[in-house]
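A.B. asks: Just so we're aligned, residue 2 is where the sequence shown starts under my numbering, counting upward by one. Just so it is clear, CB atoms sit at the ideal spot from N, CA and C, and this is done for glycine as well. Structure provided below as structure tokens; questions to follow.
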Amino acid sequence: MLDTQSRTARWIVLIVPALLLGGAYLSQYGFGLYPCEMCWWQRWPHFAALGFAALAFLAPPKRLWIALGALAIIVSGLIGGFHAGVEYDWWEGITGCAKTTTASGGSALDEIMQAPLIRCDVAPWTLLGVSLAGYNFIVSCAAGVAALALLTRKRKAL
């Protein structure tokens, strides 16, 4: 049975990637902020974290799944930090631009040719000077570290 701190860490590992992925898809489909290649790189570890979180609710060893989920969230945050650095011109990226298509019923070639060019080195949206990749870095690293800290805290003797 998990202690209160481990249960809290398990919820962090489930809720944080779910909310961040939900926000990413809302910005993509609701507001037209299509992801670049590095944006997709940030999503994959969050998908993995959700899988680890599900395992933490279903199968032993629960603490291992929570820790792996927390590490996956941190990996996404670190990718976001790298991506933010590319957007702010702190360093050069290692990827080209990506195109995103939409299913409109036309030919695949027409969709590819009309798809918006999404640059990895340009932030499509910022709030207070911080891009979405920057917010992913901040939130993911903080949440992942918090979950790991909760897992490693010693239980207080009663």
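Can you tell me which residues form a DSSP beta bridge with residue 132?
C.D. replies: Paired residues: 127.
A.B. asks: Is it right to say residue 42 is buried, meaning 16 or more other beta carbons lie within 10 angstroms of its own, or is it exposed?
C.D. replies: Buried.
A.B. asks: Could you tell me the distance, in whole angstroms, from the CA atom of residue 140 to the CA atom of residue 29?
C.D. replies: Straight-line Cα distance between these residues: approximately 19 Å.
A.B. asks: Just how far apart, CA to CA, sit residue 64 and residue 111?
C.D. replies: In a straight line, the C-alpha of residue 64 is about 49 Å away from that of residue 111.
A.B. asks: Assuming residue 11 and residue 54 form a contact by the criterion Cβ under 8 Å, report the distance between their Cβ atoms to the nearest whole angstrom.
C.D. replies: Yes, they are in contact, since the Cβ atoms of residue 11 and residue 54 sit about 7 Å apart, within 8 Å.
A.B. asks: Here's a check: name, in chain order, each residue in its chain whose Cβ is nearer than 8 Å to the Cβ of residue 61, leaving out the five neighbours to either side.
C.D. replies: The answer is none, since no qualifying residue turns up.
A.B. asks: Quick one, are the C-beta atoms of residue 25 and residue 88 less than 8 Å apart?
C.D. replies: Not in contact: residue 25 and residue 88 (Cβ atoms no closer than 8 Å).
A.B. asks: So residue 148 and residue 16 are supposed to be a Cβ contact under 8 Å. How far apart are they, rounded?
C.D. replies: No, residue 148 and residue 16 are not in contact; Cβ-Cβ is about 10 Å, not under 8 Å.
A.B. asks: Would a C-beta distance cut-off of 8 Å place residue 151 and residue 6 closer than the cut-off?
C.D. replies: In contact: residue 151 and residue 6 (Cβ atoms closer than 8 Å).
A.B. asks: Am I right that residue 81 and residue 122 are in contact with their C-beta atoms under 8 Å? What's the rounded C-beta distance?
C.D. replies: With a Cβ gap of about 14 Å, residue 81 and residue 122 do not count as contacting.
A.B. asks: My output table needs one value for residue 155: the three-state DSSP class, helix, strand or coil.
C.D. replies: Residue 155: coil per DSSP, three-state reduction.
A.B. asks: Terminal residues of the continuous alpha helix (DSSP H) containing residue 35?
C.D. replies: Taken as a continuous stretch (DSSP letters only), residue 35 belongs to no alpha helix (DSSP H), as it is neither H nor E.
A.B. asks: Report the three-state DSSP secondary structure of residue 60 (helix, strand or coil).
C.D. replies: Note: residue 60 maps to coil in three-state DSSP.
A.B. asks: Applying the 10 Å Cβ sphere with the 16-neighbour rule, what's the burial state of residue 58?
C.D. replies: Label assigned to residue 58: exposed.
A.B. asks: Smallest Cα separation from residue 144: which of 91, 67, 83, 3?
C.D. replies: Per the Cα distances, 67.
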